[in-house]
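Encoded as structure tokens, the structure appears first; notes follow it.
In my numbering, the protein residues as written are 4 to 442.
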């Protein structure tokens with residue numbers, strides 16, 4: 004029997020969730036008929052996604068279809084139940100959520116509603132769905148189920164159309180950490196909430212919610228467009244591997260002065276819980292003593308703080324530098340008598356040394372990200388690697404692979420060209436690595 008069961012109201016949405024689940028190395032079956040639900044061959048799949056094709060039906064009709072499917076799919080071996088909803092809130096969202104809860108028949112099971120799809124620029128803030136920064140009502144997206152809720156807030160929608168008690172948790176609860184959020188979820192569930200709607204602005208928020216839900220120990224039903232369900236599946240489908248992955252870290256290196264890469268780092272800072280350690284670029288091109296001292300400082304700062312973070316980047320203090328900062332650096336370069344090419348070689352090799360010392364000092368680092376050919380080359384040389392075993396593409400100009408040979412053979416690696424202009428390059432790479440590492 005499948006360990007993950009998802010019910011969607013139409014086939015394309017169901018297939019999109021199935022694709023996300025497949026990225027977790029799960030086998031996934033997407034079905035559209037009752038006959039398929041009863042077919043014993045479907046028991047061979049890790050995940051089962053069933054589409055009721057009820058998007059355009061009346062609330063009463065959609066309730067019956069979802070309730071019937073939920074009854075058929077209920078099984079003690081299932082670790083995760085999910086109701087896929089449209090990212091634009093089209094369809095009978097509340098009715099179908101209620102139907103699945105009723106089918107599962109457990110009065111203490113709570114619908115955890117995370118109506119966000121950050122990759123599609125759909126987030127939930129203050130209970131409002133924003134599409135590319137605009138309220139849903141002002142976007143081109145459909146509003147089928149949102150029309151009756153004049154305020155346009157998901158919490159109000161559930162309060163109006165959901166039969167059971169609804170609560171809402173806003174972004175301020177996230178700032179206090181996973182443990183606080185977990186306690187709040189447990190508290191609301193114990194008070195009788197059957198649906199809890201949560202704000203969500205990024206994949207990192209989704210990770211935090213998933214961790215909090217699992218830590219709370221409550222029985223739950225995931226209700227979202229797909230990313231929350233996929234994140235939960237990654238965490239619960241392979242418990243032994245998830246436990247092993249709990250302390251794994253990702254280490255990143257970003258040098259240079261590019262304002263485009265500076266924007267990528269800023270997006271990373273906003274969307275992930277990441278420690279950014281600044282590197283004094285001028286110090287790396289001075290005399291050997293100053294250079295060694297700066298490398299020591301960066302590595303020591305990493306080792307002092309690494310237990311608090313799963314993602315740590317060392318970044319150039321010249322990223323997005325002003326013309327005055329660049330002029331100051333060039334003045335320092337003239338004083339050393341070195342060419343810009345020599346300075347780049349010194350800088351990149353220093354980053355390579357930092358990477359090697361970090362890997363030696365922190366065995367929990369299981370993946371590296373780097374930007375720019377010079378920096379990736381320097382890391383490979385320091386690790387005595389003959390190169391990278393390329394295993395996939397994250398984005399154009401961004402490749403995923405593993406270190407080939409040397410002291411850290413098999414270490415996961417994402418390398419991106421310095422000409423990659425997508426502002427999401429680094430965040431997409433981190434999410435890609437998380438999926439590969441199952442964290």
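Virtual Cβ for every residue (Gly too), placed ideally from N, Cα, C. Computed from a predicted structure; not experimentally measured.
- The continuous stretches of beta strand (DSSP E) do not include residue 287, and DSSP gives it neither H nor E.
- With distances taken between CA atoms, residue 239 lies nearest to 218 out of 129, 70, 218 and 124.
- For the set 212, 351 and 192, the Cα lying nearest the Cα of residue 283 is the one of 351.
- Residue 319 sits in a strand when the DSSP states are folded into three classes.
- Residue 396: member of the beta strand (DSSP E) spanning 390-398, first to last residue.
- A distance below 6 Å between beta-carbons, with the five flanking residues on each side excluded, links residue 62 to the following residues of its chain, in chain order: 95 and 98.
- Contact between residue 276 and residue 315 fails: their C-beta atoms lie close to 10 Å from each other, not under 8 Å.
- Beta-carbon to beta-carbon, residue 203 and residue 119 are separated by about 4 Å, close enough to satisfy the 8 Å threshold.
- Every unbroken stretch of the alpha helix (DSSP H) spanning 4 or more residues and falling wholly within the region 173-228 is given here in chain order: 175-178, 181-193 and 206-219.
- Judged by DSSP secondary structure, residue 85 falls within the beta strand (DSSP E) whose first and last residues are 83-87.
- The shortest C-alpha to C-alpha distance from residue 270 to any of 206, 223, 310 and 106 is the one to 206.
- When DSSP states are grouped into helix, strand and coil, residue 55 belongs to the coil group.
- Rounded to whole angstroms, the separation of the alpha carbons of residue 74 and residue 83 is 15 Å.
- Residue environment: residue 127 is assigned as buried (16 or more neighbouring CB atoms within 10 Å of its CB, all protein chains considered).
- Runs of the beta strand (DSSP E) lying entirely within the region 368-434, each at least 3 residues long, are 368-374, 390-398, 401-407 and 415-419 in chain order.
- Residue 131: member of the beta strand (DSSP E) spanning 131-134, first to last residue.
- Per DSSP, residue 123 is not a residue of any beta strand (DSSP E), being assigned neither H nor E.
- Taking C-beta atoms as the reference points, residue 24 and residue 31 count as a pair closer than 8 Å.
- Rounded to the nearest whole angstrom, the C-alpha separation of residue 198 and residue 404 is 41 Å.
- Closest in C-alpha terms to residue 4, from the list 49, 216 and 437, comes 49.
- With contacts defined as CB atoms closer than 8 Å, residue 407 and residue 394 fail to qualify as a contacting pair.
- Look at the beta carbons and you see the region 260-270 touching the region 421-430: at least three pairs across the two are nearer than 8 Å.
- Pairing residue 416 with residue 371 gives a Cβ-Cβ distance under 8 Å.
- Going by DSSP, residue 48 is part of no beta strand (DSSP E) at all; its letter is neither H nor E.
- Inclusion of residue 261 and residue 421 in the CB contact set at 8 Å is warranted, their separation being smaller than that value.
- Within the DSSP bridge table, the entry for residue 32 names 51 as partners.
- Each residue's CA atom was taken as its position, placing residue 318 and residue 256 some 6 Å apart.
- Excluding residues up to 5 positions away in sequence, 280, 282, 317 and 357 lie with their Cβ nearer than 8 Å to the Cβ of residue 301 in the same chain.
- Excluding five sequence positions before and after residue 166, the CB atoms of its chain that fall closer than 6 Å to its own CB belong to 101, given in chain order.
- Secondary structure at residue 301: helix, using DSSP grouped into helix, strand and coil.
- Beta-bridge annotation (DSSP): residue 254 is paired with 315 and 371.
- A direct Cα-to-Cα measurement between residue 231 and residue 437 gives close to 14 Å.
- With fewer than 16 other Cβ atoms from the protein chains shown falling within 10 Å of its own Cβ, residue 396 counts as exposed.
- Bounds of the alpha helix (DSSP H) holding residue 19 are 14-25.
- When 226, 201, 348 and 355 are compared, the shortest CA-CA separation from residue 130 is found for 201.
- Residue 264: member of the alpha helix (DSSP H) spanning 262-274, first to last residue.
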